[in-house]
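S.K.: According to full-length UniProt numbering, the sequence shown is numbered sequentially starting from 1. The C-beta atom is built at its ideal place from N, Cα and C for all residues, glycine as well.
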Amino acid sequence: MKFLDKFCEALTSFMGLTTISPWTETFHQQPIGGDLAVQTLPKGPVFSPPNSSEGFLCEYPSMVGWKHSTDPAQRSSWLVNEVTGEVLDIFTDFDKKWPVGIKRTYNLTVSNLTINTDGYLKTGGKAFNGQYPGPWIEACWGDQLEIKVTNDLQWNGTTVHWHGVRQLHTMPMDGVNGVTQCPISPGDSFTYKFNVTQYGSSWYHSHYSLQYPDGLAGPMTFHGPSSANYEEALPPFLISDWSHNSAFTDFHKELAGPPRPTMQSIILNGVGTYTCSEAEKANCTTAPPIFEQVWVKGRRYLMRLINTSTESTFIFSIDKHMLQIIGSDFVPIRPYFADSVLVGIGQRYHIVVEARPSDELLPIEDQNYWMRAVVASGCGSIDQNIETVGVVRYDPESTKTPTTTRYQFNTSCSDEPYESLVPVVQWQVGIHSNDIETDNFAAGLTNYTGTPLPHGNFSRWDLTNDPLWLNFSNPTISNLGNTTWNPEYCIIAEDYEETDWVYLIITANVSVTKQISSRKFFPVSHPIHLHGHDFAILSQQVIPFDESHLTNGLFNYDNPPRRDVALLPGTGYVAIAFRTDNPGVWLMHCHIAWHASSGLALQILERQPEILSTIGSLDETERVCSAWDPWFNNTGNWWNATEFQDDSGI
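Below, the structure is given as structure tokens:
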């Protein structure tokens, strides 16, 4: 694929236009009454959530009689009905119930951009609205989002995925080309419309091939209650690895390796450090200043950590400060304390940090502390340094370099302790309705020749007997009447009732029963992400799976950890469970970008006969495909004379 250095400015618009029921499956604007009626009708609560962007308000105009508490000592509460006593708070089951907010609209334009994060000019960059990271998208629990995405690239299609969003009955809005839509062709637009039934932090990113490692990623915050109190919420905190090459170029190196591609730096909210060699001077410039924050003693700060990496898992810490972890992905958890927190690719953590360092008797000008992101062992490769730093200061005038040392924490690449991740809203997982011997998948590596690298041999990751390989022009959503499927679509059908449970076993070794002789297995940790659901983690072990584990105490059915990304241990397995309560086609994949593009993914086809009746009209989906096809059929848009698609598509 080709790259065009082109900058396009676009306005991000934000407005609340109307109320909409969270159970409504249409997206028409509700009629607005005359001026007199609007002025005299009572209205619901309007308030500014803690430390949102300037001018941002949560609005619930139809929820008359409800009130929001602004007390920092009552962060677990969100809305209270002063007449009935009904509450919407941290204990509300948000899979079943949520408030009725307003519609908010944003505009995102995708364009090429030369990006400077660390002093090296990345000429193959891509960005939303001419900035990296992309604009902060905010909404309130119960809102409806409408986000228009315009593709201003010349040589790529694009789609945008709203990571971790459940997309209940809105599967066409999941933003996966080849699955839920055709790509948005250059010059075209598509408007994503979905309800905000969850709250917490996440990110949005391109799901078109390898665009997000090149810069197409940005933060999302859905304001809502919290399982611990705090005085001030800080803006989202994105941690990422960064390559100076285009990810499309690096991917070919990944396929043909070893050697594998390496990242050049680690960036915190778009800022990192890199020492240029003499040979690189032509592309080097002044690096942005390192990331800093000024804190006030005694205040409790909410931090929203998001790992948006290509291949790296990070351990985050702040010297001489303890972290109170209160949320994993979109799931509030019972608070626990630690000196560090491990954040896998695609994972998010809400943490509260009390600004009372252990050496607070020092003069204030000397109270400067390193904030650290360290690559977990075996889960990332950085050219110059496997650690990057930011600074927390208590004196805004201080410019001193911190001299603090980091905690001696474990750097192994494994999720936070299983027993620590206890959801506030409890799930009791029922007996599985599916065949777990069939739904048992192994992350393996297979050697290939030919497509997509005609020049030699290469290896591709997979979860089934075939690596995923999608057809951009013929997405799964356009074939919901099929009774058979192309094996490369990796379709796993789960046709059960709304209250039934499905268990999936994902393993990193040869214990899986389905094998092909050419597959190889390596002790590699994979961050496994499922679209369309939060899942329960029934078991996460460093030993091979055995069916006896379901009954010998190694599986937990009583309120197990719950999230949308879990690390598959490199020597063992992870067992996940979800209710089949969201008909649709849902991608499950490794979130290491190289592995996803290689084909380490499958599609969950959930309650196929009911999908079309729940998702509504596909007119806009079909229009986007009709715009994509002529662009794709022009071979002048291909990256070489014989090949267009050079990866799985995701």
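1. If I measure Cβ to Cβ from proline 261 and keep anything under 6 Å in the same chain, skipping five residues before and after, which residues do I get?
2. The alpha helix (DSSP H) with glutamate 620 in it runs from where to where?
3. Between which two residues does the alpha helix (DSSP H) carrying tryptophan 594 extend?
4. Between which two residues does the alpha helix (DSSP H) harbouring histidine 252 extend?
5. Three or more C-beta pairs under 8 Å: does that hold for the region 268–281 against the region 204–212?
6. Tell me the DSSP secondary structure of aspartate 558 in three-state form.
7. How about tryptophan 162 and phenylalanine 194: are their beta carbons less than 8 Å apart?
8. For glutamine 603 versus threonine 476, is the C-beta spacing smaller than 8 Å?
9. In this structure, does DSSP put threonine 476 in helix, strand or coil?
10. Is the separation between the beta-carbon of tyrosine 120 and that of glutamine 264 shorter than 8 Å?
11. Rounded to a whole number of angstroms, what is the C-alpha to C-alpha distance between residue 710 and proline 363?
12. Quick one, are the C-beta atoms of glycine 430 and tryptophan 370 less than 8 Å apart?
13. According to DSSP, is isoleucine 611 helix, strand or coil?
14. Quick check: what's the CA-CA separation for threonine 635 versus tyrosine 448?
15. Return helix, strand or coil for histidine 526, following the three-state DSSP convention.
16. Using DSSP with H/G/I as helix, E/B as strand and the rest coil, what is alanine 566?
17. In whole angstroms, give me the CA-to-CA distance for proline 259 and isoleucine 528.
18. Give the DSSP-derived three-state secondary structure of isoleucine 364 in the structure shown.
19. Assign glycine 636 to one of three DSSP states: helix, strand, or coil.
20. Quick check on this structure: which residue in Gly344, Thr399, Asp462 and Pro396 has the alpha carbon closest to the alpha carbon of serine 377?
21. Taking the beta carbon of residue 653 as the centre, do at least 16 other beta carbons fall within 10 Å, making it buried, or is it exposed?
22. Assuming glutamate 232 and asparagine 368 are in contact, meaning their beta carbons sit under 8 Å apart, how far apart are those beta carbons, in whole angstroms?
23. Is the CB-CB distance between leucine 268 and alanine 373 below 8 Å?
24. In terms of residues, what are the limits of the beta strand (DSSP E) holding methionine 173?
25. So is aspartate 366 buried or exposed if we call it buried at 16+ other beta carbons inside 10 Å?
26. In angstroms with no decimal places, state the Cα-to-Cα distance between isoleucine 325 and alanine 355.
27. Within the continuous beta strand (DSSP E) that includes aspartate 89, where are the two ends?
28. Does the separation of the CB atoms of glycine 599 and aspartate 395 fall below 8 Å?
29. Whole angstroms are fine: how far does the CA of glutamate 54 sit from the CA of isoleucine 382?
30. Considering proline 335, what are the terminal residues of the beta strand (DSSP E) in which it resides?
31. Buried or exposed, going by whether 16 or more other CB atoms sit within 10 Å of the CB of proline 289?
32. On the DSSP letters alone, give me the boundaries of the beta strand (DSSP E) that tryptophan 242 sits inside.
33. Beta carbon of serine 76, beta carbon of serine 226: below 8 Å?
M.R.: Let me spell this out:
1. Asp250, Lys253 and Glu254
2. 619–633
3. 593–598
4. 247–256
5. no
6. strand
7. yes
8. yes
9. helix
10. yes
11. The displayed coordinates of the chain run from 1 to 650. Any statement about residue 710 would go beyond what the structure contains.
12. no
13. helix
14. 25 Å
15. strand
16. strand
17. 24 Å
18. helix
19. helix
20. Gly344
21. With the chain covering 1 to 650 only, the question about residue 653 has no answer from this structure.
22. Going by Cβ atoms, the distance from glutamate 232 to asparagine 368 rounds to 19 Å, so no, they are not a contact pair.
23. yes
24. No beta strand (DSSP E) holds methionine 173; DSSP gives it neither H nor E.
25. exposed
26. 15 Å
27. 87–89
28. no
29. 36 Å
30. 331–338
31. exposed
32. 232–242
33. yes
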